[in-house]
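Participant: Each residue of the sequence shown is one higher than the last, beginning at 8 in our numbering.
Backbone N, C-alpha and C define an ideal beta-carbon position, used for all residues, glycine too.
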Amino acid sequence: MQTDPAAADGSETGKQAVYINTFGCRLNQYESDGIVQSFVESGRYRQTGQITDAAVLIVNSCTVTSQADQKCLQFIRRARRDNPALHVVVTGCFAQTDRAVLSTNPAIDLVCGNDQKSDLLDRYEQWLALQNRRAHNLASAARQTSPFAYGVVKPQGHTRAYLKIQDGCDRRCSYCKIPMARGRGSSRAATDILEHVKALEDAGVPEIVLTGVNLGWYRELQPDKSRLRFIGLLEKILESMQFSRLRLSSIEPSDVGRGLAELSQHPRFCNYLHVPLQSGARNVLKAMRRSYDPTSFARRIETVRQYNPGVFIGTDVMVGFPAESEAEFQESMSFCKSMQFAGLHLFPYSRRAGTEAARRTEQWSRQTIKERMQQFGVLRRELQVAYQHRCLGRTFPCVLEQWEPAARPDASIPESGQGPIHRKSAEWAELLSDNYLRIRVPANQLIDRRRDHVHAVQALELAEERFVWGQMADPGTLAGRITGSEWSQGTVQ
Numbered sequence: 008m009q010t011d012p013a014a015a016d017g018s019e020t021g022k023q024a025v026y027i028n029t030f031g032c033r034l035n036q037y038e039s040d041g042i043v044q045s046f047v048e049s050g051r052y053r054q055t056g057q058i059t060d061a062a063v064l065i066v067n068s069c070t071v072t073s074q075a076d077q078k079c080l081q082f083i084r085r086a087r088r089d090n091p092a093l094h095v096v097v098t099g100c101f102a103q104t105d106r107a108v109l110s111t112n113p114a115i116d117l118v119c120g121n122d123q124k125s126d127l128l129d130r131y132e133q134w135l136a137l138q139n140r141r142a143h144n145l146a147s148a149a150r151q152t153s154p155f156a157y158g159v160v161k162p163q164g165h166t167r168a169y170l171k172i173q174d175g176c177d178r179r180c181s182y183c184k185i186p187m188a189r190g191r192g193s194s195r196a197a198t199d200i201l202e203h204v205k206a207l208e209d210a211g212v213p214e215i216v217l218t219g220v221n222l223g224w225y226r227e228l229q230p231d232k233s234r235l236r237f238i239g240l241l242e243k244i245l246e247s248m249q250f251s252r253l254r255l256s257s258i259e260p261s262d263v264g265r266g267l268a269e270l271s272q273h274p275r276f277c278n279y280l281h282v283p284l285q286s287g288a289r290n291v292l293k294a295m296r297r298s299y300d301p302t303s304f305a306r307r308i309e310t311v312r313q314y315n316p317g318v319f320i321g322t323d324v325m326v327g328f329p330a331e332s333e334a335e336f337q338e339s340m341s342f343c344k345s346m347q348f349a350g351l352h353l354f355p356y357s358r359r360a361g362t363e364a365a366r367r368t369e370q371w372s373r374q375t376i377k378e379r380m381q382q383f384g385v386l387r388r389e390l391q392v393a394y395q396h397r398c399l400g401r402t403f404p405c406v407l408e409q410w411e412p413a414a415r416p417d418a419s420i421p422e423s424g425q426g427p428i429h430r431k432s433a434e435w436a437e438l439l440s441d442n443y444l445r446i447r448v449p450a451n452q453l454i455d456r457r458r459d460h461v462h463a464v465q466a467l468e469l470a471e472e473r474f475v476w477g478q479m480a481d482p483g484t485l486a487g488r489i490t491g492s493e494w495s496q497g498t499v500q
């Protein structure tokens, strides 16, 4: 008989402890938050941060690459080793596409795909009540639930809230397995979205991040037979917001145009866009079945920058696609340099079963892909530093992201102007600006302002790769969006 970890440590006696591990995208994070919330709000479970304390392990998986699959399986093996009594539940994209394989894995107790994820609590408890649990694992696959069946999902362990407005994808990029994992495109009702935005604001959430597989695909049929599309939805959300700010997780190049450029000037719209490029080489994009070429991509980004020169533009780049010659790899790097991206998310091509690209005979070696990743990594860092450097000295609206665990109100940290603003031993707080700059400030500067929704923070000094050092500032020093003349210096040559 399995013992209750909650009873062992004396906290919330009688409640089973649940540990959740999330792989992949912000959409998965939203769904993980919803899963944990449903377990905790049932009154029968509590969340734990220790696998050794848990009775239930939920793994929300990703399958965008084969490495993502392997990381999931490795994590489960380690968890089983550390806590053999765990009930292991696997959900997410890997569970959706490879349910039959995972269901035969002796380390896994229950497999629920994306089409069953929103009622995971009920499925787990039904499974617990069965004698032949293994047989139920596959038999239950037929019953599906709505991808939007979650209630208002509040942040679990972070300050920003994710809100799922769309799921699935009707595109068929030649390398991508996600349509197999998420199905065809679908949209959440606008009235439901607006209700969730209000509820999150009422809960004091300072930033709401819209998530989906393909946000720009959003559309809802209206009573007059017209369709509410993505830009119209954004206008409704921004009009309804009182104090929270709005961020997009990612937006396809074909959905970036004048309408979005105009909205990017709205004071509650985060000064940030992540627009996946995948490759800067024309022929590679064609082989990928992407719906644009480098010229049209650049034109769309330039439209946004005309309205908002200092906007953070991030992108995804795939390295080692089968059709990518050495010359095309260099072409892709040159294009990314010319675009002056503020952030590059690099990932190696992964051969995914069932995709068109997997059938190509020319496949690059792991060593070649590794070398190209390293070259692109140097450029990524140069572009990131250039953007960060142009931000130094400016004051940005920020939300609190992380409070260093050892932070104390009496921490002794030098103020700006008295030597370096940081020491290795200093306690700090990390905040996120509207233009996706992570700024760490001395924790003692924030003690009396931790519960404020938005903070004015001045960026002062380059630090490690993922953040800069800064200090709290007077809200009156927030200078608004950066103009073209202010942003013209500091590009990577």
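Work out the CA separation of Trp410 and Ser126 for me, nearest whole Å.
Facilitator: The amino acid occupying residue 126 in the given sequence is Asp; Ser does not appear at that position. Roughly 33 Å separates the two Cα atoms.
Participant: On the three-state DSSP scale, how would you describe Leu485?
Facilitator: Coil, per DSSP.
Participant: Going along the chain, which residues of its own chain have a beta-carbon closer than 7 Å to the beta-carbon of Ile320, five neighbours each way excluded?
Facilitator: Excluding residues within five positions, the ones whose Cβ falls inside 7 Å are Leu280, Val282, Ile308, Phe348, Ala349.
Participant: Where Thr59 and Ala24 are concerned, what is the direct C-alpha to C-alpha distance, given to the nearest angstrom?
Facilitator: So the alpha carbons of these two residues sit roughly 10 Å apart.
Participant: Just grab the DSSP bridge partners of Cys405 for me.
Facilitator: Partner(s): Ser440, His462.
Participant: Could you compute how far the alpha carbon of Gln103 sits from the alpha carbon of Asn121?
Facilitator: Cα-Cα distance, rounded: 6 Å.
Participant: In the DSSP assignment, what are the bridge partners of Gln23?
Facilitator: According to DSSP, Gln23 bridges with Tyr52.
Participant: Compute the beta-carbon to beta-carbon distance between Phe383 and Leu353, rounded to the nearest angstrom, for a pair I have assumed lies under 8 Å.
Facilitator: That belief holds up - the Cβ atoms of Phe383 and Leu353 are roughly 5 Å apart, short of 8 Å.
Participant: Where in the segment 78-153 do unbroken runs of the beta strand (DSSP E), each at least 3 residues long, occur, reported from the N-terminal end onward?
Facilitator: Listed in chain order, the complete beta strand (DSSP E) runs (minimum 3 residues) inside the segment 78-153 are 94-99.
Participant: May I have the straight-line CA-CA distance separating Val63 from Arg87, to the nearest angstrom?
Facilitator: Those two C-alpha atoms are separated by around 11 Å.
Participant: By the DSSP assignment, the beta strand (DSSP E) with Ala330 in it spans what residues?
Facilitator: Premise fails: Ala330 is in no beta strand (DSSP E) and is neither H nor E.
Participant: What would DSSP say about Ile320, mapped onto helix, strand or coil?
Facilitator: Note: Ile320 maps to strand in three-state DSSP.
Participant: Look up Ser45 in the DSSP assignment and say whether it is helix, strand or coil.
Facilitator: In this structure, Ser45 counts as helix in the three-state DSSP scheme.
Participant: Pull the bridge partners of Asp174 from the DSSP assignment, please.
Facilitator: Its beta-bridge partners are Ser193.
Participant: Looking at C-beta atoms only, is the number of pairs between the segment 240-254 and the segment 469-478 that lie closer than 8 Å three or more?
Facilitator: As far as the Cβ criterion goes, the segment 240-254 does not touch the segment 469-478, which means the pair count is below three.
Participant: Ignoring anything shorter than 4 residues, give me the alpha helix (DSSP H) runs that lie fully in the segment 348-405, in order along the chain.
Facilitator: Listed in chain order, they are 373-398.
Participant: Using three-state DSSP, classify Glu335 as helix, strand or coil.
Facilitator: It is helical.
Participant: Below 8 Å between beta carbons: does that hold for Lys22 and Arg53?
Facilitator: Yes; because the gap between Cβ atoms is below 8 Å, this pair is in contact.
Participant: Which runs of the alpha helix (DSSP H), 4 residues or longer, sit entirely within the segment 223-295?
Facilitator: Counting only runs of 4 or more, we get 237-247, 265-270, 289-295.
Participant: Enumerate in chain order the residues of its own chain whose CB-to-CB distance from Ser193 is below 6 Å, with the five nearest sequence positions on each side excluded.
Facilitator: Once the five neighbours on either side are set aside, the close Cβ partners of Ser193 are Asp174, Gly175.
Participant: Span of the alpha helix (DSSP H) holding Ser68?
Facilitator: Counting along the chain, Ser68 falls outside any alpha helix (DSSP H), though it belongs to the beta strand (DSSP E) covering 63-68.
Participant: For the candidate residues Cys183, His165, Ser45, whose alpha-carbon lies nearest to that of Cys69?
Facilitator: Checked all of Cys183, His165, Ser45; the closest Cα to Cys69 is Cys183.
Participant: Determine whether the beta carbon atoms of Ser286 and Glu331 lie at a separation below 8 Å.
Facilitator: The answer is yes: Cβ separation under 8 Å.
Participant: Is it right to say Lys232 is buried, meaning 16 or more other beta carbons lie within 10 angstroms of its own, or is it exposed?
Facilitator: Lys232 should be labelled exposed.
Participant: Relative to the alpha-carbon of Arg236, which residue among Arg195, Met187, Pro449 has its alpha-carbon at the smallest distance?
Facilitator: Arg236 has its Cα closest to that of Arg195, out of Arg195, Met187, Pro449.
Participant: To the nearest angstrom, how far is the alpha carbon of Lys171 from that of Val160?
Facilitator: When rounded, the distance between both Cα atoms is 9 Å.
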